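Numbering (our numbering), first residue to last: 26 to 304. All residues carry an ideal CB built from backbone N, CA and C; glycine is no exception. This one's a predicted model, so the numbers in the text were calculated from it and none came from an experiment. To keep things clear, I will list the structure first and then write my remarks on it.
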Amino acid sequence: MRKEALDHILSSIEIQRRLGSRDLSLWFADGSNYPGTQNIRHRRRWFAEGLRTAHEHMAAGQRMLVEYKPFEPAFYHTDIADWGMALLLAQAAGPNARVLVDTGHHYQAQNIEQIVAWLLDLDMLGGFHFNDRRYADDDLTMGSIDPYQAFRIFHEILHFEWETGKRADIAYMIDQSHNLKGKIEAMIQTVTTAMELYAKASLVDHEKLADCQTRCALVDAESCLKDAFSTDVRPAIREWAESKGLPADPMDAFRQSGYLERITSERGAKNMAAISSYA
26 MRKEALDHIL SSIEIQRRLG SRDLSLWFAD GSNYPGTQNI RHRRRWFAEG
76 LRTAHEHMAA GQRMLVEYKP FEPAFYHTDI ADWGMALLLA QAAGPNARVL
126 VDTGHHYQAQ NIEQIVAWLL DLDMLGGFHF NDRRYADDDL TMGSIDPYQA
176 FRIFHEILHF EWETGKRADI AYMIDQSHNL KGKIEAMIQT VTTAMELYAK
226 ASLVDHEKLA DCQTRCALVD AESCLKDAFS TDVRPAIREW AESKGLPADP
276 MDAFRQSGYL ERITSERGAK NMAAISSYA
């Protein structure tokens, strides 16, 4: 079974090479549901060995992103259950392995931006799967439940870049399940929200914040973040979009385009044509 799994990863690396894709994103559902049914230490070693082998097959310009999740579908133990486990396995795999943070893969009230800050400081943050959650891995649209959390994550990234003077090499991805919202509209909403929250985080006065932190000015330091988060950045984003020849209102532009109705009709006709009929 382990060989089959490793062979699948190696096949993915070959596809990655042919397509010119840099990042290989790995999430493993492996674990167990009952105590005593698995040797957890052996499984840790098997994972380290497998990831190291996969890393050896990667080209110099490729990266391995190791994702984690505390539970589901396994409910007693998950082999890569948190960012610390993912970090250790990535470090064991090789120099081109990093940790991938899925914002929905955490326990209730866990401080995700602290994890982000640690991984940035260790040069081990490789990417994100952005979504939102209320209870577990809900895969809701980004910012629908806790937009301030996403803002704080972006702030940690931008603060790191300001403080170090270097660009964080991060792959930004969306991992959501649009079962009730229209899929295209949900994605437009997500991208728009990400732009707004990133723009808000860009407004934090880092010099003032650093001074407040040095002086232990708690209220003023927190206000640096809250003032930026409370700023309405939508007019500036609309102005930027228009300067690039882009729609000022992406959602309205999509709805007015008739694209959804057109592809719905085309795909419906194509599917009907493929249905066999019997006399």
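Candidates the options, of which the one nearest residue i by Cα
{"i": "His154", "options": "Gly207, Leu90, Arg177", "result": "Leu90"}
{"i": "Ala175", "options": "Val216, Gly151, Leu147", "result": "Val216"}
{"i": "Pro95", "options": "Gly129, Arg70, Leu113, Leu112", "result": "Gly129"}
{"i": "Leu165", "options": "Ile34, His203, Met198, Ile182", "result": "His203"}
{"i": "Ala193", "options": "Lys28, His180, Tyr284, Gln201", "result": "His180"}
{"i": "Arg68", "options": "Ser37, Phe185, Ala106, Asp162", "result": "Ala106"}
{"i": "Gly61", "options": "His102, Ile262, Glu29", "result": "His102"}
{"i": "His131", "options": "Leu113, Asp146, Arg159, Lys208", "result": "Arg159"}
{"i": "Gly75", "options": "Ser46, Gly86, Met26", "result": "Met26"}
{"i": "Asp146", "options": "Leu183, Gly119, Tyr173, Gly168", "result": "Leu183"}
{"i": "Asp48", "options": "Ala85, Ala219, Arg77", "result": "Ala85"}
{"i": "Arg43", "options": "Gln87, Gly119, Ala115", "result": "Gln87"}
{"i": "Ala196", "options": "Glu92, Leu234, Arg66", "result": "Glu92"}
{"i": "Ser169", "options": "Trp143, Leu222, Leu144", "result": "Leu222"}
{"i": "Glu186", "options": "Thr256, Glu232, Asp157", "result": "Glu232"}
Three-state class that DSSP yields for residue i in the structure shown
{"i": "His131", "result": "coil"}
{"i": "Tyr223", "result": "helix"}
{"i": "Asp245", "result": "helix"}
{"i": "Gly168", "result": "coil"}
{"i": "Ala304", "result": "With a pLDDT of 48 at Ala304, under the threshold of 50, the predicted position of this residue should be treated as unreliable, though the coordinate-derived value follows. DSSP places Ala304 in coil when its eight states are reduced to three."}
{"i": "Met83", "result": "coil"}
{"i": "Asp277", "result": "helix"}
{"i": "Glu97", "result": "coil"}
{"i": "Leu271", "result": "coil"}
{"i": "Gly75", "result": "helix"}
{"i": "Ser36", "result": "helix"}
{"i": "Gly293", "result": "helix"}
{"i": "Ser255", "result": "helix"}
{"i": "His46", "result": "Before going further, note that residue 46 is Ser rather than His in the sequence given. Ser46 falls in the coil class under three-state DSSP."}
{"i": "Leu90", "result": "strand"}
{"i": "Leu31", "result": "helix"}
Between the CA atoms of residue j and residue i - distance to the nearest angstrom
{"i": "Ala304", "j": "Glu286", "result": "At Ala304 the pLDDT is 48, less than 50, meaning the model places this residue with poor confidence; the figure from the coordinates comes in the next sentence. Ala304 and Glu286: Cα-Cα distance of roughly 32 Å."}
{"i": "Ser290", "j": "Asp277", "result": "20 Å"}
{"i": "Glu247", "j": "Val141", "result": "19 Å"}
{"i": "Leu305", "j": "Val124", "result": "Lying outside 26 to 304, the shown extent of the chain, residue 305 is not represented and no answer is given."}
{"i": "Lys191", "j": "Leu205", "result": "40 Å"}
{"i": "Ile288", "j": "Phe72", "result": "43 Å"}
{"i": "Ile300", "j": "Leu31", "result": "38 Å"}
{"i": "Arg240", "j": "Arg66", "result": "46 Å"}
{"i": "Ile262", "j": "Ala273", "result": "8 Å"}
Assumed close pair residue i, residue j - CB separation to whole angstroms, cut-off 8 Å
{"i": "Ile137", "j": "Ile199", "result": "Contact flag wrong, Cβ pair sits at about 16 Å."}
{"i": "His82", "j": "Ile38", "result": "5 Å"}
{"i": "Ala99", "j": "Ser57", "result": "6 Å"}
{"i": "Glu264", "j": "Ala161", "result": "Their Cβ separation, rounded to whole angstroms, is 39 Å, which puts Glu264 and Ala161 out of contact at 8 Å."}
{"i": "His80", "j": "Gly119", "result": "4 Å"}
{"i": "Ser50", "j": "Gly152", "result": "7 Å"}
{"i": "Met167", "j": "Leu112", "result": "That pair is no contact at about 24 Å."}
Discussion item. What ranges does the beta strand (DSSP E) occupy inside the region 183 to 222, keeping only unbroken runs of at least 3 residues that lie completely in it?
Written reply: 196 to 199
Worksheet item: In chain order, which continuous runs of the alpha helix (DSSP H) of length 4 or greater are located wholly inside the region 99 to 157?
Response: 108 to 118, 137 to 146
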